[in-house]
Amino acid sequence: MSMQQNDNQNGLEVAVIGMSCRFPGARNVLEFWENLKNGKDCISFFTDEQLRQSGIEKELIDNPDYVRAKGIIGDAEMFEPSFFGYTPTEAALMDPQIRVFHECVWTALEDAGYDPKTYLRPIGLYAGSSNNIAWNARTLLSDMEIDEFSKSMLSDKDLIAQLVAYKLNLTGPVYTVQAACATSLAAIHLACQSLIGGECDMALAGGVSITVPEQQGYLYYENMHESPDGRNRAFDADARGTVFSNGAGVAVLKMLEDAIADGDHIYAVIKGSAVTNDGSRKTGFTAPSPQGQAEVIKAALKVADVEPESIGYLEAHGTATPIGDPIEIEALKMAFQSKDKGFCQIGSVKTNIGHLDAAAGIAGFIKTVLTLKNRQIPPSLHYNEANPRIDFENSPFRVARHLHSWNREIPFRAGVSSFGIGGTNSHIILEEPPKWYGMNPEKKKRQTAQSLSCYRPKQSLL
C-alpha cells in the first residue's frame, strides 16, 4: 500500500520504530506505561540511614527545609564494560550518564529490530545530557592509572554521542545537543531534519540526566523552582515547584515511507516539529515567554499541516511553578486560537517521575507515543483545583484526571512541549500509525527464528 492511501500524509512524516527508557520506577517502556496508566507517582523518599549512606551530612539531613525526595533509576552504578568494549578502569571513570546512555541506545535498536554493526546504511545519533560537576571532579581527582586526557574524555558530556557512535559503529550524522531542559526534544527535531534531508537512513535521538549518589534530596528555597514536599502538582492551585530526577530515554526514527517499505513496527508518526528561541522578549534570562512558546507550537502545527482542533492530547512542559504553569497555558491558547472548549486533554509526565532536565523531553515524548499506541490518555497526578491564574473553563484544554480511552474515529493526534531555561522551545506533533498499515501483513517484517544472547550480569562501578 502506498502513502497516497492516507490523505493526511505528505511524504515528510517520520516513524517512531523503536524506544527504550530507564525512568524512575521503570526499567523499560512496558513498565513505564504500566506506571502511567495506573497513575503511579514514582518519586522516592529517603530515610536518615539511606541519606547517611549516601554521604549526606547530618546537619543537612536535620535541616527542616531539606526535602528527602528524588526520582531514581536504582542501578545507575551498574554496567558491563566488556559488552561495549571498555576496560573496567575506563568504565569506572566514565560518567554514569554516558554508561546508561550506551545501554539505552543498544536497547532501543534491539526494540526496533536492528543490529548497528550489521546494518549497512548510515545511522545518525542526536543526544544530550546534564552537567555532572561532582562526578567530573571525582574523576579528575582519581588516582586510577590512566592518563589525564582519557579521564577528561570519559566524563565529558559533550562527547556522549561520539562515544556511543564509536562503540556501535554509527556512521550517520552524530551530534551532542545542549538546550537545557529542551535538549532531548530538540534532539528529536534535529534527527527528523536529518532524515528528511537524506543525511541518514535511520536516526536515534534522546537524552539522559543522572546525578550520583542517587539517594539524595535537595534544600528547598522559597519562590524557587523546586517543590517543598517532593511532589509535582502541575497546573494545580497548590503547585509550588518540581522535583529533579534521574532518567534516560532513546527513540529510533525512520522516514515513514521507508519504515513501511522495511516492514518496521511503527509506534507513532511524527507529523511535524519545530524549535525556536524566546530571544529577549521576556522579563529575564531564566523566565519563560508566552510569545516564544506560542510561536514554536504554531510552527510545529504549520509543519504538520494539521488544525489545532485535531489535537486530542497535549503533553505539557508542566513544571508546576505558580508562574510557569499559567504562562504555558496562555501560550497554548495563543497558539491554538480556538473558540472550541475542552477538546484537548493536557498532562505532564513530571507528575509521575519528576523533572529529568536534559531527558525531560524524551520522557514526555515516550509517554505521548505510548498514549497514541494504546489509544489511552493516562492521568496527570496531584491535580485537584486549577491554579487561580489559569482559566481552563474558557480554553480548549482540560487536565487529564483519569485514564481515558480514545474512541473517536478521527486520527488520534497529540502535541509534546519541552522548554529550556534560556529560552529554547521545542514542540512535536504526533499521530497514531496509519490504521491500514497494521492490517497489511505482507508489509510486516518476515518472521524468522533468531538465537538470543545477553551480556554478563552488570557489575557495580561505584
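Our numbering applies: residue 10 is where the sequence shown begins, and numbers increase by one. The C-beta atom is built at its ideal place from N, Cα and C for all residues, glycine as well.
- If you check the CB distance, I430 and C190 come in under 9 Å.
- Taking a contact as a CB-CB distance under 8 Å, the pair G48 and P387 counts as one, their CB atoms being some 7 Å apart.
- Under the three-state reduction of DSSP output, G356 falls in the strand class.
- In this chain, the alpha helix (DSSP H) harbouring I269 covers 265-270.
- A straight line joining the alpha-carbon of N241 with that of Y128 spans about 42 Å.
- Inter-residue distance for F374 and A340 is about 19 Å (C-alpha atoms, whole angstroms).
- L390 sits buried, since 16 or more C-beta atoms from the chains shown fall within 10 Å of its C-beta.
- With fewer than 16 other Cβ atoms inside 10 Å of its own Cβ, F158 counts as exposed.
- Annotation for S29: the continuous beta strand (DSSP E) segment containing it runs 23-31.
- For S414, DSSP records a beta bridge to Q385.
- When the beta-carbon positions are compared, S193 and A368 come within less than 9 Å of each other.
- Counting along the chain, the unbroken alpha helix (DSSP H) around G301 starts and ends at 299-313.
- If the five residues before and after R249 are omitted, its C-beta is found closer than 6 Å to the C-beta atoms of S236, P237, all from its own chain and listed in chain order.
- The Cβ neighbour count for S289, taken over all protein chains shown within 10 Å, is under 16; the residue is labelled exposed.
- Between the segment 81-94 and the segment 259-270, the count of C-beta pairs closer than 8 Å stays below three; the two stretches do not touch.
- Membership of A136 in the beta strand (DSSP E) is indicated by the continuous run 132-138.
- Per DSSP, the continuous beta strand (DSSP E) segment holding E324 begins and ends at 320-324.
- For Y75, the pairing in a beta bridge is given by DSSP as L228.
- Bridge partners of I438 according to DSSP: G281, G424.
- The way I'd put it, the segment 393-410 doesn't touch the segment 51-69; fewer than three beta-carbon pairs between them come closer than 8 Å.
- Spatial neighbours of Y135 in its own chain (CB-CB distance under 6 Å, excluding positions within 5 residues in sequence) are listed in chain order as Y184, V186, A196, L199, A200, A214.
- In the same chain as N286, and ignoring 5 residues on each side of it, the C-beta atoms closer than 6 Å to its own belong to G432, T433, in chain order.
- Within the DSSP bridge table, the entry for A214 names Y135, A260 as partners.
- Scanning its chain for C-beta atoms nearer than 7 Å, with the 5 sequence neighbours on each side dropped, one finds around K176 the residues F93, G94, H111, in chain order.
- Note: Y184 is bridge-paired with Y135 in the DSSP secondary-structure output.
- Note that the segment 219-231 touches the segment 61-80; at least 3 beta-carbon pairs, one per stretch, sit closer than 8 Å.
- Within the same chain, and ignoring the five residues on either side of A85 in sequence, the residues whose Cβ sits closer than 7 Å to its Cβ are P105, V109, I219, V221, E223, N255.
- Within the same chain, and ignoring the five residues on either side of F406 in sequence, the residues whose Cβ sits closer than 6 Å to its Cβ are C353, I355.
- Annotation for H274: I26 place their beta carbon closer than 7 Å to its own, counting only its chain and skipping 5 residues before and after.
- In this chain, the beta strand (DSSP E) harbouring F406 covers 406-408.
- CA-CA distance, L323 to V425, rounds to 6 Å.
- Membership of M153 in any alpha helix (DSSP H) is not indicated, and neither H nor E is assigned to it by DSSP.
- About 6 Å separates the Cβ atoms of F421 and G321, confirming a contact at the 8 Å cut-off.
- The alpha carbon of T380 has as its nearest neighbour, out of S53, L118, N416, the alpha carbon of N416.
- Looking at the DSSP output, T433 bridges to N286.
- With a contact defined as Cβ atoms closer than 8 Å, G83 and C51 miss out at about 11 Å.
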